[in-house]
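See below for the structure under consideration.
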Amino acid sequence: MYGSQPAARHRAVAVPSPSTPGRETGSAGPGQAPPGSPDPTRGPGSGMAPRLGLVGLTFVSLGSIIGSGWLLGALTAARVAGPASLVAWALAGVLILGLALVHAELGASYPVAGGSARYTHLALGPLSGFVAGWLAWIQAVALAPIEAEAALSYLNNVWPGLISPQGTLTGKGLALGAAALGVCTVVNVLGVQRLADTNSVAVIWKFLVPVLTVITLMAVAFHPGNFHAGGGFAPFGAHGVFAALPAGVVFALQGFEQAVQMGAEARDPGRDVPRAVILATVLGTAVYLLLAIAFLGALSPAGIAGGWSHPVGNGDYGPYATIATGLGLGWLAVLLYIDAVVSPGGTALIYVGTSARLAYSMGQTGYLPRALRRLDRRGTPVVSILLAYAIGLVMFLPFPSWQQLVTLISSATFLTYAFAPVALMVLRKVDPDRPRPFRLPLAPLLARVAFTTSNLIVYWAGWENDQKLAVAIFAGLVCFTGYRATQPPGRWPPLEWRSALWIVPWLGGLTIISWLGQFGSGRGVIPFWVDLGVIVVFSLAVFELAIRVTPPAARSRALLETELA
1 MYGSQPAARH
11 RAVAVPSPST
21 PGRETGSAGP
31 GQAPPGSPDP
41 TRGPGSGMAP
51 RLGLVGLTFV
61 SLGSIIGSGW
71 LLGALTAARV
81 AGPASLVAWA
91 LAGVLILGLA
101 LVHAELGASY
111 PVAGGSARYT
121 HLALGPLSGF
131 VAGWLAWIQA
141 VALAPIEAEA
151 ALSYLNNVWP
161 GLISPQGTLT
171 GKGLALGAAA
181 LGVCTVVNVL
191 GVQRLADTNS
201 VAVIWKFLVP
211 VLTVITLMAV
221 AFHPGNFHAG
231 GGFAPFGAHG
241 VFAALPAGVV
251 FALQGFEQAV
261 QMGAEARDPG
271 RDVPRAVILA
281 TVLGTAVYLL
291 LAIAFLGALS
301 PAGIAGGWSH
311 PVGNGDYGPY
321 ATIATGLGLG
331 WLAVLLYIDA
341 VVSPGGTALI
351 YVGTSARLAY
361 SMGQTGYLPR
371 ALRRLDRRGT
381 PVVSILLAYA
391 IGLVMFLPFP
401 SWQQLVTLIS
411 SATFLTYAFA
421 PVALMVLRKV
431 DPDRPRPFRL
441 PLAPLLARVA
451 FTTSNLIVYW
461 AGWENDQKLA
471 VAIFAGLVCF
481 TGYRATQPPG
491 RWPPLEWRSA
501 LWIVPWLGGL
511 TIISWLGQFG
521 SGRGVIPFWV
531 DLGVIVVFSL
541 AVFELAIRVT
551 PPAARSRALL
561 ETELA
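In terms of my numbering, the sequence shown opens at residue 1 and continues consecutively.
Structure representation (structure tokens):
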């Protein structure tokens, strides 16, 4: 709830007017720390002008939620769960709202750039913070090219030659993808206000087209019998519902935290960040649930009589447009193909910006090279934006299908989310006097539920994804260790090894349970339902460990004072 707070709005970030192009936020000046050390007089968002209000922040989050997920998510979920995919959409909305509420308190209390990469750093120190920040950056930097590839996959139905028979981009597809990513990069380089203005136009379109699609399909073709066809309402049982969550459902609904990532650029973060996060989550869930109902009802009964493996037939990469064409709604099909560019493109636009702010944050905390924290005269992290573009181009190389990629990225996202409830409880303990414009009610209970939720999503993604994530985390730790080894002693705060020890049994245990479990080529040793109980008990035990191995209170307060003064 919104608690009673002092009349004066608390901000952790002081933002001077930028004047010198190419400056670093930690460069020496009157009253500032010397180069190479965290600035004790300015917050982590220093130099980033506060230009975003409630509408802009809401649109940033909503624009991230409504992307390629609405074009493809209903199909992938229906394949895995049948009509019971509706349960998956509703369940995902409830679970993600819990995580959004955790981020709402953190975002209001600590309005910093790249919040997902910062909260764990502030609560548990650099080593834990790096793991959280690395995972957040991986999922953010990968999402822009994934969205672009989804758009090209959709357009391949009317402009053949963009996607190869193996499902990867052709030369023409690569060129168009690189150009689209380049446009997103240029808009971001022009500054956060240009980004917000462009995104606002895109979000209005992205919201209206799905709503129009729902109304049209329900009015023209709605077959109630579809909801128990092809094996009944739940042809794959509860297993199908849970498997549908990481197969496209939670990917579609993730993105609420983008308003948090831009907290340093909010005019009134204490009021607007939590409202934007909650509003975007509720609106996004409602839109996706209605889309799933309209999709299932509009399917040809003959196409699903024998099962749900190919409910749309040959329109796997353009399900809504294929349905519209079959119903004689040519105008809607054309609109949907246009939206196949606008919706993913708008989401890619946001994720280029947020991945840049995560890289900027990691450069400022000493996780990655200092060049990443350089700002231009508009207060824009240009170097970090260009890095996001370069990594995005690499992601266009022959990788697996959209569905396989989104399952992997969803796992990385929810591992990132899992750090937030731990950080929330630790920061409440070590920083009790900080004004909290939004206080999560029943925080001890809901924080544990949110942490368990994240672990369940990762488990449901399956063994193949979890082992890949373990490799990605290890690669990040190698980069982090190598960079820190080149830095002079004493430049950055202690790593706080003790406070990071809980991560080893957490990630290691989660990987082992996935290997023994029932999802994604797991060994099947742990019976279904028992495996869920194992995850719940395991999660609660790890959470208790995490909030007890915190740094000494004096060191925690010193770190907070240094970084948020």
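C-beta: ideal position from N, C-alpha, C; glycine also.
**Asked** For residue 393, which residues from the same chain have a beta carbon less than 8 Å from its beta carbon, with the 5 sequence-adjacent residues on both sides left out?
**Response** 145, 178 and 181
**Message:** I'd like the list of long-range same chain contacts for residue 497, defined as Cβ closer than 8 Å, with 5 residues on each side in sequence excluded.
**Reply:** 127
**Item:** DSSP three-state assignment for residue 396, whether helix, strand or coil
**Value:** coil
**Request:** Inspect the CB distances between the region 424-439 and the region 107-114 and report whether three or more fall short of 8 Å.
**Result:** These segments touch.
**Asked** Within the 8 Å Cβ cut-off, does residue 153 reach chain D?
**Response** No chain D is present in this structure, which holds just one protein chain.
**Prompt:** What separation, rounded to the nearest whole angstrom, lies between the Cα atoms of residue 529 and residue 77?
**Reply:** 21 Å
**Request:** Would you mind stating whether residue 274 and residue 438 have Cβ atoms separated by less than 8 Å?
**Result:** For the pair residue 274 and residue 438, the CB atoms are nearer than the 8 Å cut-off.
**Asked** Is it true that the CB of residue 67 sits closer than 8 Å to the CB of residue 248?
**Response** no
**Request:** Using only alpha-carbon positions, find the residue among 559, 253 and 368 that is nearest to residue 71.
**Result:** 253
**Prompt:** Could you check where the alpha helix (DSSP H) with residue 503 kicks off and where it finishes?
**Reply:** DSSP places residue 503 inside the alpha helix (DSSP H), whose first and last residues are 503-516.
**Asked** Among the residues of its own chain, which have a CB less than 6 Å from the CB of residue 290, if the five just before and after it don't count?
**Response** 214
**Asked** For residue 134, which residues from the same chain have a beta carbon less than 6 Å from its beta carbon, with the 5 sequence-adjacent residues on both sides left out?
**Response** These residues qualify, in order along the chain: 476.
**Message:** Between which two residues does the alpha helix (DSSP H) holding residue 561 run?
**Reply:** 553-564
**Prompt:** Can you give the Cα-Cα distance for residue 235 and residue 185, rounded to whole angstroms?
**Reply:** For residue 235 and residue 185, the distance between alpha carbons rounds to 44 Å.
**Prompt:** Hey, residue 363 and residue 357 are a contact pair by Cβ (cut 8 Å); roughly how many whole angstroms apart?
**Reply:** So it is not a contact: roughly 11 Å between Cβ atoms.
**Asked** Using the C-alpha atoms, what's the distance from residue 500 back to residue 549?
**Response** 8 Å
**Asked** Taking the alpha-carbon positions, what's the residue 523 to residue 470 distance?
**Response** 18 Å
**Request:** Return yes when the Cβ of residue 230 is within less than 8 Å of the Cβ of residue 304, no when it is not.
**Result:** yes
**Prompt:** What number of angstroms, rounded off, separates the C-alpha of residue 422 from the C-alpha of residue 361?
**Reply:** 20 Å
**Request:** For residue 480, name the three-state secondary structure that DSSP assigns.
**Result:** helix
**Message:** I want to know whether the region 409-421 touches the region 446-453 - three or more CB-CB distances under 8 Å.
**Reply:** Segments in contact, yes.
**Request:** Please classify residue 251: does DSSP put it in a helix, a strand, or coil?
**Result:** helix
**Request:** Give the single residue among 440, 106 and 51 whose Cα lies nearest to the Cα of residue 122.
**Result:** 106
**Item:** Cut-off 7 Å between Cβ atoms - residues of its own chain near residue 158, not counting five sequence neighbours on either side
**Value:** Excluding sequence neighbours, residue 158 sits near 337.
**Request:** Spell out the partners DSSP gives residue 163 in its beta bridges.
**Result:** 169
**Message:** In this structure, how does DSSP classify residue 122 when only helix, strand and coil are distinguished?
**Reply:** helix
**Prompt:** Residue range of the alpha helix (DSSP H) that residue 455 falls in?
**Reply:** 443-461
**Asked** DSSP three-state call for residue 491: helix, strand or coil?
**Response** coil
**Asked** Does the distance from the C-beta atom of residue 440 to that of residue 102 stay below 8 Å?
**Response** yes
**Prompt:** By how many angstroms is the C-alpha of residue 216 removed from the C-alpha of residue 545?
**Reply:** 52 Å
**Message:** What residue range does the alpha helix (DSSP H) around residue 300 cover?
**Reply:** Residue 300 -> no alpha helix (DSSP H), and no H or E assigned at all.
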